[in-house]
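Protein chains in written order, with this note's numbering: chain A, 863 to 978; chain B, 2 to 118.
Ideal placement from N, C-alpha and C gives every residue a C-beta, glycine not left out.
What you are looking at is a predicted structure, and each value in this text was computed from that prediction instead of being measured.
Here is the structure we will look at.
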Amino acid sequence: GESVGLHLPTLSVQEGDNSIINCAYSNSASDYFIWYKQESGKGPQFIIDIRSNMDKRQGQRVTVLLNKTVKHLSLQIAATQPGDSAVYFCAEKNPAGGTSYGKLTFGQGTILTVHP
Amino acid sequence: GAVVSQHPSWVICKSGTSVKIECRSLDFQATTMFWYRQFPKQSLMLMATSNEGSKATYEQGVEKDKFLINHASLTLSTLTVTSAHPEDSSFYICSAPPGGSSTDTQYFGPGTRLTVL
């Protein structure tokens with residue numbers, strides 16, 4: 863279902879630390895997941911994605927882990943920088959079939975603040 | 002990645018007026034586009050799916066007569082907020098998957114900040 867967050871979770875880290883942002887998704891049949899970064903006043907920016915047939919995927923400084931057993935996603939950011947400060951959303955894609963094909967359902971988001 | 006633009010980036014209007022927001026895919030064709038609304042410190046809420054050449058499909062609770070969607074070409078979808086009221090003030094964002102809804106990745110526009118006085 864859709865996610866509405868009135869108070870987004872926050873994560874504060876020091877520059878250079880590794881950050882881990884967690885997300886619980888809702889539909890055990892979802893087959894595709896995306897992490898987006900949203901800076902203030904801007905649209906979401908694609909970071910990394912993963913399909914349900916994978917447990918881990920790495921990008922540049924980012925890693926996404928998928929645990930289908932507990933319907934959990936995490937985004938790991940290595941050597942976090944001040945420019946990484948933003949709101950991070952996970953999104954799941956509804957599986958093929960039915961009226962919801964192609965739609966994304968967003969998690970509530972996490973505010974990441976990186977201190978110099 | 003694919004580029005999606007929105008116009009205007011922000012708009013202020015009086016209560017009771019209508020506002021049109023444009024969403025364009027700049028370097029790809031989009032048979033499907035999605036419109037989201039985002040209130041401060043909240044997540045994105047899907048409003049409707051815009052389909053080129055056919056009627057939009059709206060999410061439960063979204064008034065189709067208030068939020069008019071037109072997807073007249075493969076690169077343009079418009080959202081018109083009719084008879085806007087202060088509670089319609091929000092950040093409106095569109096997205097498009099290159100290749101249509103069967104494509105997984107969606108690229109988002111920069112958003113339009115609507116303020117209704």
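Point to revise | Length of the line joining the Cα atoms of residue 888/A and residue 967/A | key: One C-alpha to the other measures close to 9 Å.
Practice item. Tell me whether the beta-carbon of residue 975/A lies closer than 7 Å to the beta-carbon of residue 936/A. Key: Taking 7 Å as the Cβ cut-off, residue 975/A and residue 936/A do not qualify as a contacting pair.
Exercise for review: Say whether the region 60-67 of chain B touches the region 5-15 of chain B, bearing in mind that this needs 3 or more beta-carbon pairs closer than 8 Å, one atom from each stretch.
Suggested key: Short answer: they don't touch.
**Study point:** Inter-residue spacing [alpha-carbon to alpha-carbon] between residue 908/A and residue 85/B
**Key:** Distance from the CA of residue 908/A to the CA of residue 85/B, rounded to the nearest whole angstrom, comes to 31 Å.
Exercise for review: Report the rounded CA-to-CA distance for residue 116/B versus residue 941/A, giving the unit in angstroms.
Suggested key: Cα to Cα, the separation comes out at about 38 Å.
**Study point:** Helix, strand or coil at residue 893/A according to DSSP, with G and I counted as helix
**Key:** Reduced to three states, the DSSP call for residue 893/A is coil.
**Study point:** Proximity winner among 33/B, 40/B, 60/B, relative to residue 112/B (alpha-carbon distances)
**Key:** Measuring from the Cα of residue 112/B, the nearest candidate turns out to be 40/B.
Practice item. Using a Cβ cut-off of 7 Å (strictly closer), state whether residue 871/A contacts chain B. Key: No, because no Cβ of chain B sits closer than 7 Å to the Cβ of residue 871/A.
Check your understanding: Alpha carbon to alpha carbon, how far is residue 78/B from residue 52/B?
Key -> Distance between the alpha carbons of residue 78/B and residue 52/B is about 9 Å.
Practice item. Answer with buried or exposed for residue 918/A, where buried requires no fewer than 16 other C-beta atoms within 10 angstroms of its C-beta. Key: Around the beta-carbon of residue 918/A, fewer than 16 other beta-carbon atoms lie within 10 Å, marking it exposed.
Review point. Which of the residues in the region 916-934 of chain A, read from start to end, lie with their CB under 8 Å from any CB of chain B?
Key: Answer set for the region 916-934 of chain A: empty.
Check your understanding: Between residue 31/B and the rest of its own chain, which residues show a CB-CB distance below 6 Å, the 5 nearest in sequence each way excluded?
Key -> Taken in chain order, the residues that qualify are 97.
Check your understanding: Would you call the CB atoms of residue 26/B and residue 110/B closer than 7 Å?
Key -> Not in contact: residue 26/B and residue 110/B (Cβ atoms no closer than 7 Å).
Check your understanding: When we look at the beta-carbon of residue 44/B and count the other beta-carbons within 10 Å, is it buried (16 or more) or exposed?
Key -> Residue 44/B is classed as buried because its beta carbon has at least 16 other beta carbons within 10 Å across all chains shown.
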